[in-house]
Each structure stands twice: as structure tokens, then as C-alpha cells.
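Residue numbers (the numbering used here), protein chains in the order written: chain U, 1370 to 1833; chain B, 13 to 344.
To keep things clear, I will list the structure first and then write my remarks on it.
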Amino acid sequence: MNDETALLRAKFSDLIAWERSKRRENILLAALAYAFIVALVFLPARRFLPAGVSPLSAPIFFFAVLAAAHFWRRRWRAKDSLTALAALDRALGLDERALTAAEIIHRGAPSPVELYVLHEAGEKLKAADVRSLFKRRWSWQALSAPALIVLWLALLWLGVGADFGAAGSKGGLAEKVKDYSRELEEKAEAQSLKESLKTARALKALADERLSGKASEEKFQQNLAGMEKRIDALPPAPAGDFDFGGYTREEAAALKAELEAAKSRLRSAPGGGEKDLRLESLPRLSEAIQRSGGAMENMGPGELERWLDRLEQQIAGELERRSLADVRQFLSLILGGRDSGDASSQAEIEGHGRQDGARDQDRSAGKGKLPGDQPGVKLQGGQPPAPSAGAAARIPGVVGEGAGSGVTWRAEAKAGASKVPEEEAPASYRRQMEEELAAEKIPPALKETVKKYFLSLDDKNKRQ
Amino acid sequence: MEASAQVPERMAIARRSFESVKAELGRVVVGHEALIEQVFIALVCGGHCLLEGVPGLGKTLMVRSLAAALNLSFSRIQFTPDLMPADITGTQMLTEDPAGKKVFDFQRGPIFAHIVLADEINRATPKTQSALLEAMQEQSVTVAGKGHRLESPFMVLATQNPIEMEGTYPLPEAQVDRFFFKLLLEYPSRGELARIADLTTSPPPSALDRVLDAETILKIRAWVREVPIAEAVKDYAVRLILATHPRMNGRLPSAEKYVLYGASPRGLQSLVLAAKARAILSERPNVSFDDIRAVAPQSLRHRVILNLEGEAEGMTAEKIVAEVVAHVPEIE
């Protein structure tokens, strides 16, 4: 009987060790599956991870927590040993002989009937292999764990979550930088600003790198700081004859456009004299000439063209300087950790044009760039719309005064009547038409048609 | 070592005894195989049975045949409203001794037999019923201040008719609890009815052989008590009992709703002992969960008392016990 007792002890120990080992495996696999399920749920929020923390740390953390919780909740108890023995009885049709025998062995001093129970149990368990009787059964968690891991890695690779939560988070800087770089690129292309274009493309590349998850937030900010330093290190534009301090950026851009038009007229005119410039249709240039104290009087055709070239170079340098200053200001603002959700700072970031020149102060004081009844003459008393918190809305600049510019407010779009009186709108169109005609952007054959069209609008309005 | 070697032999004797009794009863009793096994289990456990069934199902025939096959003394008491306790236990009679002196002599009643059939027990008054039930519990009777020991083995098989309630005295719960099993006789099947017709309308069969004696029965009784039961199996039996109670931990919702009183500790004794007997009759040296489940209905059905709501909604103790058996887990 001692042999049978020893055999039964060994079998029962083997059974319980095997069941415990299977439970451990199941717990680990279940924790793994649940960890990746939770990680998948939270994947879109991975942007909130601190800089330098790998996305893999999330499932590892969840796994550790869940495994600990599972191990505690499903810890091995005496009941589990009994359940394992009862399962053995069922599997071998022992009618609880194993359960009874285990208890008799534990208790000791068996009676004759109990010895017979041990004998019968020993006989029936002699050839039994508990590991083959109770093979591993993979739970759905265990089966789904590899698929969940692959899915999580795939989504990570595809960059899911990189864009989520951009607004209101430090990770959202990349989105802002990308938006800004897009605007800057458009503006630089329109105004042929080489350095600004280069800067815009570099900013865009940095933003893309961050958004695709290739660079951490920390690295991204370091790159932006590097960009800021690079702009600081750029050589200043050479000093010129003209002072553009009183020019807004729009006015400077308009002047540049008029310069190009003037040069084009000079080249196409047979004499190449001042009269060929038709300065009455180039108000900005006329103003610049007046401010230079009539520097171009008595100039020959060649000299006039060179003077215009020099003026154009200086105005281009000034535009480049201002553009880069804007970029510099933008970078210092976002790297300064300002709350991106704040309406005023948002306005300042995107409405950088308001800090241009002295004339901008007039605009902020209430003299808006509203259309007037004559070309180049503004209405007085117009008020820009007051900013209010909410969704972004773009207020376009007035067409016809140069390159488009705008201030973006985080404002709620509100229904309401236009602040521009209806009778003034045709005047605005007319002014625009005249400027376009003057700038010779309209093909000569169509000039008359365009003129008639806009004049007809005015006539129609008067009839109504 | 030698003692344990005798265990299979003991189990074989118990099994053979049961098979021979079953075979002998099968000559005159049609069907009721499960009932015969349950009565035999009650016999080897030292318990008494309450048989319930409509008239004509062979209750009396089965009990008489059992007594005949067991080589045990048998008496039948037909319970009527005018039956007195002394009619059961016996009485003091004034007689003359050989010297001519007048003495009281105890005339033993029908209770002094190994197998007693208490036919239609619910027709006697509670006073008479309690006289029988005292004998069942104590296995002795007291007449005129003197106790008289009943023979061993002693078994009462009481019958009652569930449909004729007029003029009856239903057994109080405390007295019903003293029955080891409550057995229900079911109506015979078509084939069984045909066999009954054959048996009762042809020449009567020869007298039954006496296949089992009192000594063997008492030996089997002792062996039954030696059968080991694992703690887990015993705990299962305990949890079954607790689950029938409306206010105990581990109760079932239906028990909570419909039961007034759950099974008593006697129910647990009956459950475990009957399971042990079933194990030995299966030539198994230990009790299994199946043994407990198999004897639960007959052990518990008369010990679960329904409340008014249960009665009103047509719930039965049978259903409660079946639900308890179905829902209580083997290991907890």
C-alpha cells in the first residue's frame, strides 16, 4: 500500500503542478490579450505620452497591471486542487476515488475500506498521464493575443493616434506648424520670397516627421528651436535708399506688384521714359516716388529701369525680412508653451500681420480696410469684428489692395447682415477693376469687356 | 492488509443480496425497480419509508413480498380513525400464572415485527400515529411504564393515499421528518399493465424464497457506515441541504421565494447514509457526487415545507429539490 500511496501522491502532485502551470499560462496570455485590447482602445491617445516614452510602454504597463490583478484574483486555492481532482475523477470515470484517496492520504491512518479506496485509485491511476488527459486548452484571449499584437503594431505603424488630440495638446504643435508652413509657402511663392519658401518647406517637413510619429514631441520642439536659431543667424538685408517703415506688408507687396508692372511697361514702351509708366494707375509707386523726393526725375530710360530694379530688390528684401520675422515670432510663440486653445494667442500667432507697421495701429484703432467709394480711399469709422471664443473663422482681406491677408480669430460664425452697404460694393468692384486693368493682368483684348462689365454692375445698382 | 482484502467481498455480498431480493420481488411485483432499490437502501441504512401513491399500485404487495423474501417477521396494521395506540404497541392483559396467581402479562402488538406495514397511516388519529412514530424513532415501546425493545432489523413502511384527504389526519412535519425516505409510486406503463394483467389473472406464482436473513442485513448495515466519504462530497451534501433553506447562505432564489422550512439535519443524515448504501450496492468503496444526487429527491422531498405562495403557485417540494440538485456546484 505504501507504493500505492507514493504513486498516488506523485500523480496528484503532478496533476496539481500541471494545472497550476496551465493556469499561469492562461493568466499571462489573458493579461497579454487584455493589455493589447486596452492599448488599442487608448492608441488614439498615445500623443499624450510624455516625450521620449515609447508607445510600447503602454501595453507593457497594462500587461503588468492586468497580470498582477489576474494572478491575485485567480490565485491557486484549496478549492482549485479539489476541482482538479474531481476533473481527474470525471475524466477516468473514477467516481470520486481520486478525490477520496487524496483526502485519505492527507489524513493518514486509513481504515481497511479506505485502504481499499487507495488501492483502487492506485490501480486506475497507474497508467494515467495527467498531461495528456488534460491538454492545454487555449482560451479566446490566448488565441486572439497574437492577432491583437499584430493589429496594434499595424495601427502604430500606420500612425493611428498621431493626429488625435492635436488641439489643446503639446503634440498638436505639429498640426499648427504644418498649417502655418502651408500658408507661408503659398505667400512665399506668390511673392517670390526664396528664403521664406525654403523655411516653409523645412517647417512642413518637420511637422510631417512629427505627425507620422518618426520624431518625438521633444525632438520636434528641438528641431523648431534649431529652425528659430537658423532664422536668427540669417544675414540682414542690405540697407537701401528707401524707408519702408511706414508700409504695411500688404502695401509693400502692392508696391512690389506695381514695380513689376512699371518695369513691364518700360520694356514694352518705345521711349522708355517716365511718361510711359502711366504713374496715375500706379498709386503705390507714385507715393514711393514722392517719398524719395523725386529721385527719378530727369532719369534716362536705362537709369529709370535700374532705379526701379533697385527699388524692387529693396522691397523684396523688406518683404523677406518681415516674412522671416513673422516666422521667428511664430516659432518663439509656440515654443514658449502658450496655450494653443487661447483665443488671443491664436489670433496673435496667425494674425501676425497686425504687428507690421505704424499703419496697422490705425487699423487696430478702428480704421479697417473697408472698401471705399473711390479706388484707394478707405471709408472711415469701420470697425473690425470683435473676436470671441469658439471655432476658427477667417476674415478675408479686402480684394484689390494687394496680396490677400487675413486675421484668423477663434470666433463663432454668426449670421447677420454685411457691414458693407450694398451701394458701396460696386464702387469696390470698380476700384478692383481699375487696379487690375492698371496692373495689366487682363489681356489687352479683354480690357474693354471687363471694364464694361464692372461699370454695368454699378449702373444696375443705381437703377435698383 | 487482510481486512482491506475483505472489502470487495463485503461489497459483493451486499450487491448479491440486493440483486437476489430484487429478482425475487420481480416475480410478483411488476415494475418499480427503482422503488425496490430505494426500499432496500432504506433497509440497509436502518431507515423507514413513507410510500405515497394512488390505490392499486401494489404498495402493500411490494411490502409483503419484501418481508417474504427477507426471511423476516412481518405485520400489517390497517390504520383507521378508531385505531388506538395499544392496538399497535400491545397491551397489559390480566392472566393467571402457572401458580394460579393473577398477573398482568404484556401482549405484544403488531409493531413487534421486523417489517411493519402501516397501511394508510394518515387515516389514524395523531395520537395513534405518534405511538408508531415513537417506536420508529426509538426502536422500542413503553407500555405501563415498562420499555420493550423491538426486534432488529426493524423497518416501518407506511403508505398514504394522496387523493383521498377526506377524514384523514395528515402527518405533522415533525413526524414526516422521521421517515428516512419518502417514495412515490408511479402509475405503471403500458407494458407493465399488461404484465400485471397476466400475473394476476393466471395461477398464482409459487411462494417467494427467503433469500436474505436478518443477520446479513445487519452486517450490511455496519458495512454501509464504514464507507468513506470525501470532505468535498460531504460538503456538497451539506450545501444541498442549505440551498433548500429560505434564509441560509447559498440558498436558491426559488427556495427563498417558495420554501417555509428547508430540510432538517435528519435530511443530511439520510442523504449521506443513503449515498453510502448506494455506493456499496454499486460495489464501490467510496461515495461519489452521483450517489448524493441520486438519493437527494427521496431524502429531501418530504423535508422541504412550502409556504403559502409556493402552494398557491403550484410549486412542489420535488421541483425545489430538483432545482437545488441542478444548481448547486459540486465543488465550491
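Cβ coordinates follow ideal geometry from the N, Cα and C atoms, glycine included.
A quick note: this is a predicted structure, and the numbers were derived from the prediction, not measured.
Non-local C-beta neighbours of U/E1674 in its own chain, meaning closer than 6 angstroms and more than five positions away in sequence, comprise L1635, ordered along the chain.
Under DSSP, B/K114 shares a beta bridge with B/E108.
Beta-bridge partners assigned by DSSP to B/G102: B/R120. B/I89 is not a Cβ neighbour of B/E185, given a cutoff of 8 angstroms.
Neighbours of B/E342 in chain U, taken as residues whose beta carbon is under 8 angstroms from its own, are A1455 in chain order. Between U/L1468 and U/L1454, the gap from beta carbon to beta carbon is short of 8 angstroms. Cα atoms of U/W1521 and U/A1574: separation of roughly 26 angstroms, rounded to the nearest angstrom. Distance check between B/A143 and each of B/G102, B/K288, B/A209, B/A255 places B/G102 closest, using alpha-carbon atoms only. Inter-residue distance for B/G65 and B/L37 is about 19 angstroms (C-alpha atoms, whole angstroms).
Among the residues facing chain B, U/T1469 is included, as its CB has a counterpart in that chain under 8 angstroms away. Where U/V1407 is concerned, the enclosing alpha helix (DSSP H) starts and stops at 1371-1411. Taking 8 angstroms as the cut-off, the beta carbon of B/L95 is found no closer than this to the beta carbon of B/T154. Interface residue (Cβ-Cβ distance to chain B less than 8 angstroms): U/E1483 is classified as such. Taking each of B/R305, B/G43, B/A26, B/P182 in turn and checking the Cα distance to B/L197, the smallest one comes out for B/G43.
At a beta-carbon threshold of 8 angstroms, the residues of chain B lying near U/E1489 are P297, ordered along the chain. Classified as exposed, B/V115 has fewer than 16 neighbouring CB atoms from the shown chains inside 10 Å of its CB.
Against chain U, a Cβ distance below 9 angstroms from B/D302 picks out D1464, E1465. Residue range 61-64 is occupied by the beta strand (DSSP E) that includes B/E64. In the structure shown, the three-state DSSP call for U/V1482 is helix. When rounded, the separation of the alpha-carbon atoms in B/F191 and U/F1381 is 41 angstroms. Taking 8 angstroms as the threshold, the shortest C-beta distance from U/E1472 to chain B falls below it. Identification of chain U residues near B/E243 by a Cβ-Cβ cut-off of 7 angstroms yields E1472, ordered along the chain. Contact check for U/V1529 against U/P1413 passes: the beta carbons are separated by less than 8 angstroms. Closest in C-alpha terms to U/I1385, from the list U/K1632, U/L1566, U/F1503, U/A1438, comes U/F1503. Here DSSP, grouped into helix, strand and coil, assigns B/I175 to coil. At least one CB of chain U lies nearer than 8 angstroms to the CB of B/A15. Against U/V1486, the close residues of chain B are P240, P297, N298, in the order they occur along the chain (beta-carbon pairs closer than 7 angstroms). By the Cβ neighbour-count rule, U/Y1549 is buried, with 16 or more other Cβ atoms within 10 Å of its own. Around the beta carbon of B/A206, a 10 Å sphere encloses fewer than 16 other beta carbons of the protein chains shown; the residue is thus reported as exposed. Proximity of U/L1451 to chain B, defined by a Cβ-Cβ separation below 8 angstroms, is satisfied. For U/I1474, the enclosing alpha helix (DSSP H) covers residues 1466-1476.
Against chain B, a Cβ distance below 8 angstroms from U/K1448 picks out I343, E344. With a minimum length of 4 residues, the unbroken runs of alpha helix (DSSP H) contained wholly in the region 1411-1467 of chain U fall at 1426-1442, 1447-1461.
For B/G326, no alpha helix (DSSP H) encloses it, and the DSSP letter there is neither H nor E. With its beta carbon less than 8 angstroms from one in chain U, B/V19 belongs to the interface.
Between B/V168 and B/H314, the C-beta spacing is not below 8 angstroms.
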